[in-house]
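**Student:** Have a look at this one before I ask anything.
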Amino acid sequence: MTMSLRERLFVGLTSLVFMTGIGAGVWAFSWAYGEAIELQDSLLMQLGTLAVRTELPPDVSVLQGVDSDGQVVTEEFKSGGPASPGALPLASLPFDTPDGLHTVTDGSNQWRILIKTRADGSRFALGQNGEYRNEIAQGSAIRTVIPIAVLFPCLMLLVGMVVRTSFRPLSRIAAEIDAKKSDHMQKLPVDGIPSELLPFVESINRLLDRIGTLFDQQRRFVADAAHELRTPITALSLQIENLEHADLSPEARERIGMLRNGARRSTRLLEQLLTLARFEASSEATPPVTRLDHVSREVVADAIQRASARNIDLGFERCEPVAVRANPASLAVLVRNLIENAIRYAPDNGRIDLVVTGEGGQAMFQVSDNGPGIAQADMSRIFEPFFRGTHPVGDGTGLGLSIVERICKRLTGTVTVENIGKHDVPAGLRVTVLVPLAA
58 MTMSLRERLF VGLTSLVFMT GIGAGVWAFS WAYGEAIELQ DSLLMQLGTL AVRTELPPDV
118 SVLQGVDSDG QVVTEEFKSG GPASPGALPL ASLPFDTPDG LHTVTDGSNQ WRILIKTRAD
178 GSRFALGQNG EYRNEIAQGS AIRTVIPIAV LFPCLMLLVG MVVRTSFRPL SRIAAEIDAK
238 KSDHMQKLPV DGIPSELLPF VESINRLLDR IGTLFDQQRR FVADAAHELR TPITALSLQI
298 ENLEHADLSP EARERIGMLR NGARRSTRLL EQLLTLARFE ASSEATPPVT RLDHVSREVV
358 ADAIQRASAR NIDLGFERCE PVAVRANPAS LAVLVRNLIE NAIRYAPDNG RIDLVVTGEG
418 GQAMFQVSDN GPGIAQADMS RIFEPFFRGT HPVGDGTGLG LSIVERICKR LTGTVTVENI
478 GKHDVPAGLR VTVLVPLAA
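Okay, so the sequence shown: first residue is 58 according to my numbering, each after it adds one.
Here's what the structure looks like:
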């Protein structure tokens with residue numbers, strides 16, 4: 058899978074920080090270790106300077122005034138071999154060894170020895186065990202590296218935060234583009250956009266302008282085509298009505314009936330297209346206050362005959378007086394489309410319940426039926442124009458819910474569709490429209 062630009066930048070920077078941290082840690086450890094060794098050599102030199110004028114008793118092996126844990130051992134360096142057993146390994150050093158620091162190995166032990174000569178020509182040795190010196194130096198070096206080991210993970214975390222913050226404008230633009238509907242051509246904001254992203258955003262805005270122009274042309278074409286087709290379809294319907302009064306055979310009447318149904322469906326489609334075109338072309342700034350309960354009762358009165366023809370129980374479960382700011386014609390189209398959908402999909406002898414109420418600053422219009430519901434796979438596409446689902450029923454056009462959604466958005470409301478049933482088995486459909494109440 059291809060990594061995103063943010064992931065590439067984060068991985069690259071954190072890898073660079075990590076490698077830099079490893080290099081800095083190794084260098085700091087080596088430097089601190091060397092400094093600790095040099096410091097211990099300096100201490101031996103200072104102790105030697107203090108002891109150069111002092112004749113050491115033969116039974117003294119640890120320098121007076123020095124912590125015994127430091128394992129600083131002193132011994133007279135005489136010609137003829139080492140001193141008492143257990144003292145410094147001076148046997149490997151000839152008596153004419155020059156003054157200064159020397160590293161002497163005694164079996165598995167290593168010693169750092171300082172040779173000094175007094176004014177009277179006598180010599181002495183001051184030594185420290187190498188294992189102890191290394192332990193002290195390593196401890197000092199590790200304490201130097203610890204802040205780096207703590208700092209670099211924090212620095213990697215800060216790099217991740219900086220990368221995320223730097224890409225936040227791009228993420229915001231992507232979220233705004235994803236949230237746009239196919240017919241929403243509002244330009245992307247350029248305020249607060251980094252200069253590197255500004256040409257990209259301006260290109261998208263120019264593309265949105267071109268797409269918006271294409272959408273406008275499409276809407277005008279649909280409106281003009283629907284308007285031009287309305288006249289011949291109306292004339293065809295009148296001719297069909299005239300033929301019904303003629304003396305025709307049963308077979309001819311059956312074909313006339315099929316032709317009448319086709320003309321009715323074409324008329325319904327043209328009405329929906331004209332309604333959609335008029336609604337999208339309207340730009341009413343402040344719609345009037347309209348009683349949703351009155352509009353709902355009028356639409357139900359017009360639809361009750363069609364519902365009764367199939368013995369469908371259509372009625373209000375609750376109808377309260379509520380007012381919204383909406384064009385009465387648009388509100389009637391919204392209510393009519395939802396009720397006609399419910400009648401189309403409800404079974405014979407079925408039931409359709411309507412609710413009109415207002416609470417919490419929202420007016421609610423709800424339609425519930427006991428039809429087959431909507432397949433879960435079709436839920437994401439039910440508001441697409443001309444989409445009628447995988448199992449269409451009746452003579453619908455596939456524009457009803459699309460028009461309802463557009464009207465709801467124009468009224469700053471919402472529409473939700475859900476299946477009624479248990480255990481994911483649809484037993485009907487419930488459509489809920491919420492629109493802000495009029496002040």
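All C-beta atoms in this analysis are idealised placements derived from N, C-alpha and C, irrespective of residue type, glycine included. As the structure is a computational prediction, the values presented were derived from the model and not from experiment.
Can you have a look at F152 and say buried or exposed, based on whether 16 or more other CB atoms are within 10 angstroms of its CB?
**Tutor:** That one is exposed.
**Student:** M421 lies in the beta strand (DSSP E); which residues open and close that run?
**Tutor:** Run containing M421: 419-426, per the beta strand (DSSP E) assignment.
**Student:** For the structure I just gave you, are there three or more beta carbon pairs, one from the stretch 265-275 and one from the stretch 294-314, closer than 8 Å?
**Tutor:** Not touching, per the Cβ criterion.
**Student:** Can you tell me which of the three DSSP states N262 falls into?
**Tutor:** Three-state DSSP puts N262 in a helix.
**Student:** Run through the DSSP bridge pairs and tell me what E188 is partnered with.
**Tutor:** In the DSSP output, where bridge partners are listed per residue, E188 has none listed.
**Student:** Taking the C-alpha atoms as reference points, what is the distance between A93 and G187?
**Tutor:** A93 and G187: Cα-Cα distance of roughly 13 Å.
**Student:** Taking the CB atoms as reference points, tell me whether F224 and R65 lie closer together than 8 Å.
**Tutor:** No. Outside cutoff.
**Student:** Can you tell me whether DSSP reads V74 as helix, strand or coil?
**Tutor:** Residue state, collapsed to three classes: helix.
**Student:** DSSP three-state label for Q97, please.
**Tutor:** Three-state DSSP puts Q97 in a helix.
**Student:** From V220 to I203, what does the alpha carbon distance come to, in whole angstroms?
**Tutor:** Cα to Cα, V220 sits roughly 26 Å from I203.
**Student:** Report the residue from L494, C376, L158 whose alpha carbon sits nearest the alpha carbon of L411.
**Tutor:** Comparing Cα-Cα distances from L411 to each of L494, C376, L158, the minimum goes to C376.
**Student:** Could you check the C-alpha separation between A360 and R401 for me, to the nearest Å?
**Tutor:** Going by the C-alpha atoms only, they are around 11 Å apart.
**Student:** Cutting at 6 Å between CB atoms, please list the residues of its own chain near T201, excluding the five before and the five after it.
**Tutor:** So the list reads A85, A89, once near-sequence residues are dropped.
**Student:** Alpha carbon to alpha carbon, what distance is there between T414 and F422?
**Tutor:** If I take the Cα positions, the gap works out to 7 Å.
**Student:** Can you say whether V117 is buried or exposed, counting buried as having 16 or more other CB atoms within 10 angstroms of its CB?
**Tutor:** A caution first: V117 carries a pLDDT of 48, below 50, which makes its placement in the model unreliable, though a value can still be read off. Exposed, since its Cβ has fewer than 16 Cβ neighbours within 10 Å.
**Student:** Just verifying my parser: in three-state terms, what is the DSSP assignment at N166?
**Tutor:** It is a strand residue.
**Student:** Helix or strand or just coil, what does DSSP make of N394?
**Tutor:** Helix at N394.
**Student:** DSSP state of R445, grouped into three classes?
**Tutor:** Here R445 sits in coil by DSSP.
**Student:** Between the stretch 427-437 and the stretch 472-479, can you find at least three pairs of beta-carbon atoms closer than 8 Å?
**Tutor:** Touching, yes.
**Student:** Which same chain residues, not among the five before or five after F443, have their C-beta less than 6 Å away from its C-beta?
**Tutor:** G455, listed in sequence order.
**Student:** So, at 6 Å on beta carbons, what are the nonlocal neighbours of A403 in its own chain, with the 5 sequence-adjacent residues on each side left out?
**Tutor:** Only I369, I409, D426, G428 meet the Cβ criterion.
**Student:** Report the rounded CA-to-CA distance for L286 versus T324, giving the unit in angstroms.
**Tutor:** One C-alpha to the other measures close to 9 Å.
**Student:** Run the CB neighbour count on C211, radius 10 Å, all protein chains shown included, and call it buried at 16 or more, exposed below.
**Tutor:** Result: exposed.
**Student:** If you draw a straight line from the C-alpha of V352 to the C-alpha of V392, how long is it?
**Tutor:** Answer to the nearest angstrom: the Cα atoms are 8 Å apart.
**Student:** Less than 8 Å between the beta carbons of L349 and A420, yes or no?
**Tutor:** Yes, they are a contact pair.
**Student:** For S87, count the other beta carbons within 10 Å of its own beta carbon; 16 or more makes it buried, fewer makes it exposed. Which is it?
**Tutor:** S87 should be labelled exposed.
**Student:** To the nearest angstrom, report how far apart Q296 and R312 are at their CA atoms.
**Tutor:** The alpha-carbon atoms of Q296 and R312 are separated by roughly 14 Å.
**Student:** Determine the DSSP secondary structure at G485, reduced to helix, strand or coil.
**Tutor:** Looking at G485 - three-state DSSP - the assignment turns out to be strand.
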